[in-house]
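J.: Protein chains in written order, with the working numbering: chain A, 168 to 735; chain B, 17 to 104. Questions regarding the structure given below will be posed in turn.
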Amino acid sequence: MAAPATLVDILVHRAAAKPQDRAYIFLSDQGAEEASLTYAELLTRAQALAARLAAAAAPGERALLVFPSGLEFVVALFACFLARVIAVPIMVPRRQSARDSSVSIVANCAPKLALTSAALMARQDLVERFPALAWMTIDGESSDAGWTSTAPQADDIAFLQYTSGSTSDPKGVVITHRNLMVNEEMMRISLRNSEHSTCVNWIPHFHDMGLVFGVLHPLYLGSTAVLMSPNAFMQRPHLWLRAISQYRAEAVAGPNFGYDLCVSRYRPELMEGIDLSNWKVACCGAEPIRVETLRRFAETFAPHGFDSRAIYPCYGMAETTLQATGRMRGDGYATRNLSRSALQTNRVEAPRERTDTTEIVGCGRTVLDERLVIVEPDSGAQLVAEQIGEICVSGDTIAGAYWRNPEATEATLRARLPGEDSVWLRTGDLGFLDESGELYVTGRIKELIIVRGMNHYPQDIERSVQAAHPALRQNGGAAFSVADERGEEQLVIVQEVERTERNKIDPKEIAGLIREAVTNDHEIYARHVVLIRPGTLPKTTSGKIQRGAARTLWLEGRLSTLVAEAAA
Amino acid sequence: MTKDEIAAFCVDQLVDILRVPKESVDVNTKFTRLGLDSAMTIYLVMELEDKLKLEFDHEILADYPTITELSAYLAEKANAGAAGQRVG
Numbered sequence: 168m169a170a171p172a173t174l175v176d177i178l179v180h181r182a183a184a185k186p187q188d189r190a191y192i193f194l195s196d197q198g199a200e201e202a203s204l205t206y207a208e209l210l211t212r213a214q215a216l217a218a219r220l221a222a223a224a225a226p227g228e229r230a231l232l233v234f235p236s237g238l239e240f241v242v243a244l245f246a247c248f249l250a251r252v253i254a255v256p257i258m259v260p261r262r263q264s265a266r267d268s269s270v271s272i273v274a275n276c277a278p279k280l281a282l283t284s285a286a287l288m289a290r291q292d293l294v295e296r297f298p299a300l301a302w303m304t305i306d307g308e309s310s311d312a313g314w315t316s317t318a319p320q321a322d323d324i325a326f327l328q329y330t331s332g333s334t335s336d337p338k339g340v341v342i343t344h345r346n347l348m349v350n351e352e353m354m355r356i357s358l359r360n361s362e363h364s365t366c367v368n369w370i371p372h373f374h375d376m377g378l379v380f381g382v383l384h385p386l387y388l389g390s391t392a393v394l395m396s397p398n399a400f401m402q403r404p405h406l407w408l409r410a411i412s413q414y415r416a417e418a419v420a421g422p423n424f425g426y427d428l429c430v431s432r433y434r435p436e437l438m439e440g441i442d443l444s445n446w447k448v449a450c451c452g453a454e455p456i457r458v459e460t461l462r463r464f465a466e467t468f469a470p471h472g473f474d475s476r477a478i479y480p481c482y483g484m485a486e487t488t489l490q491a492t493g494r495m496r497g498d499g500y501a502t503r504n505l506s507r508s509a510l511q512t513n514r515v516e517a518p519r520e521r522t523d524t525t526e527i528v529g530c531g532r533t534v535l536d537e538r539l540v541i542v543e544p545d546s547g548a549q550l551v552a553e554q555i556g557e558i559c560v561s562g563d564t565i566a567g568a569y570w571r572n573p574e575a576t577e578a579t580l581r582a583r584l585p586g587e588d589s590v591w592l593r594t595g596d597l598g599f600l601d602e603s604g605e606l607y608v609t610g611r612i613k614e615l616i617i618v619r620g621m622n623h624y625p626q627d628i629e630r631s632v633q634a635a636h637p638a639l640r641q642n643g644g645a646a647f648s649v650a651d652e653r654g655e656e657q658l659v660i661v662q663e664v665e666r667t668e669r670n671k672i673d674p675k676e677i678a679g680l681i682r683e684a685v686t687n688d689h690e691i692y693a694r695h696v697v698l699i700r701p702g703t704l705p706k707t708t709s710g711k712i713q714r715g716a717a718r719t720l721w722l723e724g725r726l727s728t729l730v731a732e733a734a735a
Numbered sequence: 017m018t019k020d021e022i023a024a025f026c027v028d029q030l031v032d033i034l035r036v037p038k039e040s041v042d043v044n045t046k047f048t049r050l051g052l053d054s055a056m057t058i059y060l061v062m063e064l065e066d067k068l069k070l071e072f073d074h075e076i077l078a079d080y081p082t083i084t085e086l087s088a089y090l091a092e093k094a095n096a097g098a099a100g101q102r103v104g
């Protein structure tokens with residue numbers, strides 16, 4: 168075959184060359200094989216749906232993909248690719264939650280229709296939430312409708328990835344087929360994967376790691392993707408390990424907390440018959456990586472055949488399609504012992520004493536033609552090795568735009584750097600390179616809270632807090648995260664209480680209301696809730712909340728709190 | 017296990033899950049008010065399943081929203097049913 172330009176080319180080729188090979192397997196929440204699709208079946212079903220889709224939407228129009236994890240999502244995604252309709256995968260809105268981003272995403276991408284499963288369609292609240300949307304359910308495509316339309320081209324948009332931007336102002340990262348092919352190739356090379364590299368994935372399909380790695384990487388390789396729901400993993404992480412063993416999977420990916428969960432829920436009796444010796448690559452990314460997690464995981468599972476050299480820390484985000492840096496399969500990972508106090512002021516120094524030591528994990532290097540530099544955040548001037556600054560990346564794996572958002576596109580995805588001709592992604596993350604080009608991520612400039620691999624924006628959380636009780640002052644709160652004693656990111660809420668209400672409220676009850684609202688709207692636990700006097704939250708002269716200053720004051724115990732921290 | 021033992025077990029688990037001092041886990045405060053998110057809920061339910069050797073519906077905390085209510089219900093079930101019985 169000619170060099171494939173898109174994943175559709177690969178699917179068509181595979182369906183002809185190895186029609187009976189299994190492309191996708193879906194496991195039930197008990198770990199049993201629930202459904203599967205061969206390459207030929209996937210193509211046939213996707214073509215049949217593409218024919219229906221093409222009758223309803225023109226190439227370049229958007230289709231919302233509202234699915235739980237499963238094979239229906241995969242069929243819908245490839246139907247969109249075939250019909251050249253831009254796929255927009257989103258999280259299934261939770262029934263009770265009014266405050267998620269789905270409404271703003273719909274407003275931003277203006278989809279022609281939404282694809283979903285019959286099971287979800289039966290849930291009336293989806294229609295009620297989006298009364299103006301046309302819905303198409305996808306069950307039962309089986310007949311070959313004789314799909315013959317033009318195949319997508321490399322520069323066609325494959326999908327929009329809405330993991331950036333706040334709930335009210337979501338940013339859809341525009342991913343073309345070229346972006347995808349470049350990133351899949353980067354991962355194939357660095358992970359040394361082949362058509363024999365089965366992958367097992369539990370990360371949600373609307374998440375960049377779940378989509379670009381979990382769902383699409385095996386198809387790119389021509390191997391098999393074994394999929395399971397995030398809930399199945401959360402309840403029984405050993406089912407993921409069992410699937411890795413049973414399907415002799417070589418490459419899997421997950422955020423740091425997933426590896427922690429495997430260890431904390433480890434029971435020797437659950438591991439019976441599980442052999443992890445074929446497992447070659449355990450990618451760890453999507454949130455800060457902790458060396459303790461990697462060590463504990465390797466120690467816990469070494470008796471079950473796990474090779475610690477499989478651990479593969481990596482760095483990337485939706486804007487880089489997925490992976491930006493990583494090492495090579497089997498190379499293990501690098502760590503550095505640095506001075507904690509120097510790191511707090513963004514300097515790389517040797518620890519002064521044992522208690523000043525923090526150990527950080529390297530995220531590998533760039534792959535293929537991609538470039539990565541560290542710049543001084545204000546001037547954009549490039550820094551040398553061992554200097555901390557903003558991480559900037561350039562290359563064909565970087566998305567060209569945010570959907571219908573030219574300002575954010577120019578500022579973040581097409582930034583200019585002094586003395587450079589190309590355009591750069593400004594990641595908003597802080598880090599440094601060592602002399603060998605290994606990247607160490609040390610912090611972030613952007614006001615983003617990452618919990619269990621999911622991005623949260625402080626303004627969304629603050630809005631939920633202030634809606635929880637009338638005594639809580641509007642525009643008088645700050646949400647930020649701090650690393651706790653275990654190095655895990657924890658949410659802190661600092662909130663002003665109205666002067667007139669100060670003596671009337673029960674701080675404990677208010678803290679409960681705040682926690683309830685934040686969990687309900689955002690699925691994160693507010694570990695620290697701090698109520699403060701009105702007018703004491705740091706703001707700029709124009710009234711903009713200074714979250715960084717609030718964070719510093721809280722860490723130093725210098726906030727003017729109403730009561731000692733309301734613990735529950 | 018008795019109701020009180022189950023309640024004490026829940027408190028210990030929540031101290032560990034929420035990382036708060038013991039005195040701030042009130043047995044009559046709703047789990048949602050404590051801020052328990054869905055991952056934490058799953059964790060608590062799995063720990064209870066392990067401890068009691070029972071299987072429950074994972075929505076059980078919605079029906080028995082405080083430690084007091086949950087432990088009363090579970091104590092009854094644990095004593096009434098054989099191990100492995102599905103409850104909730």
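Every residue, glycine too, gets a C-beta built ideally from N, C-alpha and C.
Can the beta-carbon of Val233/A be found closer than 7 Å to that of Thr304/A?
T.: In the first sequence, counting from the first residue as 1, residue 233/A sits at position 66. In the first sequence, counting from the first residue as 1, residue 304/A sits at position 137. No, the pair does not count as a contact, with Cβ atoms beyond the cut-off.
J.: To the nearest angstrom, report how far apart Ile33/B and Gly51/B are at their CA atoms.
T.: In the second sequence, the residue the question calls residue 33/B occupies position 17. In the second sequence, the residue the question calls residue 51/B occupies position 35. Going by the C-alpha atoms only, they are around 11 Å apart.
J.: What beta strand (DSSP E) runs, 3 residues minimum, are completely inside the stretch 401-441 of chain A?
T.: As far as the stretch 401-441 of chain A is concerned, its whole beta strand (DSSP E) runs of at least 3 residues are 418-421.
J.: Grab me the residues of Lys706/A's own chain with a C-beta within less than 7 Å of its C-beta, minus the 5 sequence neighbours each way, in chain order.
T.: Here the question's residue 706/A lines up with position 539 in the first sequence. So the list reads Ile712 and Gln713, once near-sequence residues are dropped.
J.: Using beta carbons (cut-off 7 Å, strictly below), is Gly452/A in contact with chain B?
T.: The count along the first sequence starts at 1 and reaches residue 452/A at position 285. No - not a single Cβ of chain B is within 7 Å of the one on Gly452/A.
J.: Between the C-alpha atoms of Lys67/B and Ser54/B, what's the straight-line distance to the nearest angstrom?
T.: Taking the second sequence and counting its residues from 1, the one referred to as residue 67/B is at position 51. Taking the second sequence and counting its residues from 1, the one referred to as residue 54/B is at position 38. C-alpha separation (whole angstroms): 20 Å.
J.: How many whole angstroms separate the CB atoms of Ala254/A and Ala230/A, which I take to be in contact at a CB cut-off of 8 Å?
T.: As a first step, residue 254/A is located in the first sequence; it is residue number 87 there, counting from the start. As a first step, residue 230/A is located in the first sequence; it is residue number 63 there, counting from the start. At roughly 6 Å, the Cβ-Cβ gap stays under 8 Å, so Ala254/A and Ala230/A are in contact.
J.: From the DSSP output, in three-state form, read off Arg189/A for me.
T.: For this step, residue 189/A is matched to residue 22 along the first sequence. Of the three classes helix, strand and coil, the one that applies to Arg189/A here is strand, per DSSP.
J.: Helix, strand or coil for Cys450/A per DSSP?
T.: Against the first sequence, residue 450/A aligns to sequence position 283. Looking at Cys450/A - three-state DSSP - the assignment turns out to be strand.
J.: Where Leu461/A and Glu605/A are concerned, what is the direct C-alpha to C-alpha distance, given to the nearest angstrom?
T.: By 1-based counting over the first sequence, the position of residue 461/A is 294. By 1-based counting over the first sequence, the position of residue 605/A is 438. Computed Cα separation, rounded: 18 Å.
J.: Would you mind sorting Glu557/A into buried or exposed? The rule is 16 or more other CB atoms within 10 Å of its CB.
T.: Translated into positions along the first sequence, residue 557/A becomes position 390. The residue is buried, with at least 16 neighbouring Cβ atoms inside 10 Å.
J.: Nearest CA to the CA of Ala392/A: which residue from Ile370/A, Met401/A, Gln626/A and Pro404/A?
T.: Locating residue 392/A in the first sequence gives position 225, counting from the first residue. Selected option, being the one with the closest Cα: Ile370/A.
J.: What three-state label does DSSP hand Gln320/A in the structure shown?
T.: To locate residue 320/A, count along the first sequence from 1; it is residue 153. Coil, per DSSP.
J.: Please determine whether the Cβ atom of Tyr414/A lies at a distance below 6 Å from any heavy atom of the ligand ZN.
T.: Questions concerning the ligand ZN fall outside what the structure shown contains, since it holds no ligand whatsoever.
J.: Near Ala684/A, which residues of its chain fall below 7 Å by C-beta distance, leaving aside the five closest residues on each side in sequence?
T.: Taking the first sequence and counting its residues from 1, the one referred to as residue 684/A is at position 517. Taken in chain order, the residues that qualify are Ser631, Val632, Ala634 and Ala635.
J.: State yes or no: is the beta carbon of Ile58/B nearer than 7 Å to at least one beta carbon in chain A?
T.: Stepping through the second sequence from its first residue, residue 58/B is reached at position 42. Chain A contact via Cβ: present.
J.: Using C-beta distances below 7 Å, list every residue in its chain close to Glu543/A, excluding the 5 sequence neighbours before and after it, in chain order.
T.: Counting from one through the first sequence, the residue named residue 543/A turns up at place 376. The answer, listed in chain order, is Leu550 and Gly556.
J.: DSSP on Val730/A, reduced to helix/strand/coil?
T.: Locating residue 730/A in the first sequence gives position 563, where the first residue counts as 1. Coil.
J.: Taking only three categories from DSSP, how would you classify Asp79/B?
T.: Taking the first residue of the second sequence as 1, we reach residue 79/B at position 63. Of the three classes helix, strand and coil, the one that applies to Asp79/B here is helix, per DSSP.
J.: Could you give the first and the last residue of the continuous beta strand (DSSP E) run that contains Ser603/A?
T.: Counted from its first residue, the first sequence places residue 603/A at position 436. From DSSP, Ser603/A is part of no beta strand (DSSP E); its letter is neither H nor E.
J.: Let me make sure I understand the geometry here. Which of Arg538/A, Ala517/A and Arg409/A has the alpha-carbon closest to that of Arg507/A?
T.: Counting from one through the first sequence, the residue named residue 507/A turns up at place 340. Per the Cα distances, Ala517/A.
J.: Whole angstroms are fine: how far does the CA of Gly724/A sit from the CA of Gly643/A?
T.: As a working note, residue 643/A is residue 476 in the first sequence. As a working note, residue 724/A is residue 557 in the first sequence. Distance between the alpha carbons of Gly643/A and Gly724/A: 19 Å.
J.: With a CB to CB cut of under 6 Å and the five nearest residues on each side skipped, what residues in its chain are close to Thr533/A?
T.: Position 366 of the first sequence, counted from the start, is the residue given in the question as residue 533/A. Cβ within range, chain order: Thr492 and Leu539.
J.: When burial is assigned at 16 or more other CB atoms within 10 Å of the CB, is Glu75/B buried or exposed?
T.: Here residue 75/B refers to the residue found at position 59 of the second sequence. Glu75/B should be labelled exposed.
J.: Cα separation between Ala650/A and Ala217/A?
T.: In the first sequence, residue 650/A corresponds to position 483, counting from 1. In the first sequence, residue 217/A corresponds to position 50, counting from 1. Computed Cα separation, rounded: 47 Å.
J.: Since Ala650/A sits in a beta bridge, which residues does DSSP pair it with?
T.: Counting from 1 along the first sequence, the entry for residue 650/A is found at position 483. BP columns for Ala650/A point to Glu656/A.
J.: Put Thr84/B into one of helix, strand or coil per three-state DSSP.
T.: Residue 84/B sits at position 68 when you count from the first residue of the second sequence. Correct three-state label for Thr84/B: helix.
J.: Compute the Euclidean distance between the alpha carbons of Ser709/A and Thr330/A, then round it to the nearest angstrom.
T.: For the purposes of this step, residue 709/A is identified with residue 542 of the first sequence, where counting begins at 1. For the purposes of this step, residue 330/A is identified with residue 163 of the first sequence, where counting begins at 1. Taking the straight line from one Cα to the other gives about 29 Å.
J.: Give every residue of the same chain whose Cβ lies closer than 7 Å to the Cβ of Cys276/A, excluding the five residues on either side of it in the sequence, and list them in chain order.
T.: By 1-based counting over the first sequence, the position of residue 276/A is 109. If we look at Cys276/A and ignore the five residues flanking it on each side, its Cβ neighbours are Arg229, Val255, Leu327, Gly339 and Trp570.
J.: Any Cβ of chain B within less than 7 Å of the Cβ of Ala693/A?
T.: On the first sequence, residue 693/A is found 526 positions in, with the first residue counted as 1. Ala693/A counts as touching chain B.
J.: Tell me the rounded alpha-carbon separation between Thr512/A and Leu280/A.
T.: Numbered from its first residue, the first sequence carries residue 512/A at position 345. Numbered from its first residue, the first sequence carries residue 280/A at position 113. So the alpha carbons of these two residues sit roughly 49 Å apart.
J.: In three-state terms, what does DSSP make of Thr525/A?
T.: The residue labelled residue 525/A in the question sits at position 358 within the first sequence. Reduced to three states, the DSSP call for Thr525/A is strand.
J.: Determine the DSSP secondary structure at Trp591/A, reduced to helix, strand or coil.
T.: In the first sequence, the residue the question calls residue 591/A occupies position 424. Reduced to three states, the DSSP call for Trp591/A is strand.
J.: Compare the C-beta of Met353/A against all C-beta atoms of chain B and say whether one is closer than 7 Å.
T.: Position 186 of the first sequence, counted from the start, is the residue given in the question as residue 353/A. False, the Cβ-Cβ gap to chain B never drops below 7 Å.
J.: Between Ala485/A and the rest of its own chain, which residues show a CB-CB distance below 7 Å, the 5 nearest in sequence each way excluded?
T.: Indexing the first sequence from 1 puts residue 485/A at position 318. The residues are Gln328, Thr330, Ser331, Val340 and Asp375.
J.: When the cut-off is 7 Å and only beta carbons count, does Thr728/A lie next to chain B?
T.: Here residue 728/A refers to the residue found at position 561 of the first sequence. No, its Cβ sits nowhere closer than 7 Å to a Cβ of chain B.
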